[in-house]
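Chemist: Got a structure here, written out as structure tokens. Questions coming.
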Amino acid sequence: MPVLERTERLPRTVWWLVLARAINRLGAFSLGFLTVLITTDFGVGAVAAGAISAAFGLATIPSRLLGGVLADRFGRRRTIVAGLAGCALAQAGIALSSSVAMVAVFAVLLGLVFELYEPPSQAMIADAVRPAQQARAFSLFNTALAVGGMGAGLIAAGLGRWDLRWLFVADAVSCVLCAIVVRLVLPADHLPHHAETRPLPAHSGSVWRDRGLLLLLLSGTLSAVIFMQAGMAMPLALARRGLEAADAGLLSAVAAVTMVACQPLVRWTAALSHHAAMAYGYLLLAAGLAGYAVADGLAGHLAATVVWSAGDVLMFGRSYALVVDLAPEDARGRYLSVFGISWGFATVLAPLCGTQLLDRAGPAGLWGTLALTCLLLAVAQLAVIRPLLRRSLIARAAAAL
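Under my numbering, the first residue of the sequence shown carries the number 1, and numbering increases by one thereafter.
This is the structure:
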């Protein structure tokens, strides 16, 4: 039976969500050019442009939390479609803006709807699969993001040379296409009669009081900060070593290819507990980052990228499966949204930490510090997080009797 569970096909809903994710990510290349659009089209200084981009980033944090509440309150599919439609309207608004004030307004509005998609899509995956399939399903969902990002870079390279505003138009179109796919092929929300007026489930007030969830949020934020350095700090680190900063794009592509190629790793390690798989993933991540610390050429960086990307495959699905296991069934959207804001926090922390470490300790110090942090997270996963989550689940089961 264990072999059958590892090779059992995922439900069709998961594959449609993966496709929709890839389509949406294929167009999500415009945000990196927001500050460029503001400075070139409106003659605004870099500081003001950066402030507008920061306002967008801050707005994404309540957006994800709202997505979790709406997913549990009004349904998964409705929330996904609403979020994508809102993104399309906001992106079109940026493309058509005639003043920097309009761009700022639409950028904040975009942030407020940008993350509505994530919690309901993740909750829909959790609803569609059995516990034994969760890690694989979430890992595929993450891989779609990486693969879509590769295509997004190519599209951006073409449209960006023509007119930056067309990047936002293309992003809006991708959101509309994704919304159409979701609306036509994903299962409808089945809410009880008068669901629109029913109160939130009893667990709604307990999400932020769940110590297990808060501990996962803390470890998830640290992990997200580490992962984001591969994109944010890598160009600077390469340049410090006399390599081409543009080679960071090649490393990103290698990471995406590795994530696709390593998907069988999720099935081969299905017998491991979530915590054990997370610990092994942290070890691989530490090994890859240590490889960056000692690499002196492009080949060494490529090899290190393959190693840490394999760790990402092993970890990502398990981290979300842990959250689903911890969440009451009627609060999955909110639990996933709280855990997901780790990436919002990391968006603020990662550039600050990365640039400070790089400036004070150089590339070797940056990657070595991150590798050591991964080793500490591996120990914490087994020695702290595992027993605390186990006690939380036992206490909840006892309270339900």
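We put the CB at the ideal spot given by N, CA and C, even for glycine.
The model shown is predicted, which means the values in this text are computed figures rather than measured ones.
1. Taking the alpha-carbon positions, what's the Leu222 to Ala346 distance?
2. Which of the three DSSP states, helix, strand or coil, is assigned to Asp359?
3. Look at the alpha carbon of Asp247 and the alpha carbon of Ala137, and state the distance between them as a whole number of angstroms.
4. Taking the continuous alpha helix (DSSP H) assigned at Ser174, which residues delimit it?
5. What whole-angstrom Cβ distance do Phe141 and Val18 have, given they're in contact under 8 Å?
6. Take Pro264 and list the residues in its own chain whose beta-carbon comes closer than 7 Å to its own, dropping the five residues that flank it on each side.
7. Can you name, in chain order, every residue of its own chain whose Cβ lies under 7 Å from the Cβ of Ala279, other than the five neighbours on each side?
8. Could you name the residues of the same chain whose beta carbon sits closer than 6 Å to that of Glu8, not counting the 5 residues immediately before and after it, in chain order?
9. Going by the CB atoms, is the gap between Arg64 and Glu115 shorter than 8 Å?
10. Within its chain, find whatever has a CB closer than 8 Å to the CB of Ala364; leave out the 5 residues flanking it on each side and keep chain order.
11. Return the chain-ordered list of same chain residues with a C-beta closer than 8 Å to the C-beta of Met315, the five sequence neighbours on each side being excluded.
12. Closest to Ala290 by CA distance: which of Leu370, Arg332, Leu326 is it?
13. Going residue by residue through the segment 329-353, where are the continuous alpha helix (DSSP H) segments of at least 4 residues, counting only ones entirely within it?
14. Spatial neighbours of Leu326 within its chain, please: C-beta separation below 8 Å, excluding the five flanking residues on both sides.
15. Less than 8 Å between the beta carbons of Gly50 and Thr35, yes or no?
16. In its own chain, which residues sit with a C-beta less than 8 Å from the C-beta of Leu243, not counting the 5 before and 5 after it?
17. Under the rule that 16 or more other beta-carbon atoms within 10 Å means buried, what is Ile385, buried or exposed?
18. When you compare only the Cα positions, how much space is there between Ala101 and Ile38?
19. Kindly indicate which three-state DSSP category Ala287 falls into: helix, strand or coil?
Modeler: Concretely, from the data shown:
1. 7 Å
2. helix
3. 31 Å
4. 165-185
5. 6 Å
6. none
7. Ala378, Gln381, Leu382
8. none
9. yes
10. Ala293, Val294
11. Ser223, Ala277, Met278, Gly281, Tyr282, Leu285
12. Leu370
13. 332-340
14. Asp210, Gly212, Leu213, Leu216, Tyr335, Leu389, Ser392, Leu393
15. yes
16. Gly297, Leu298, His301
17. buried
18. 10 Å
19. helix
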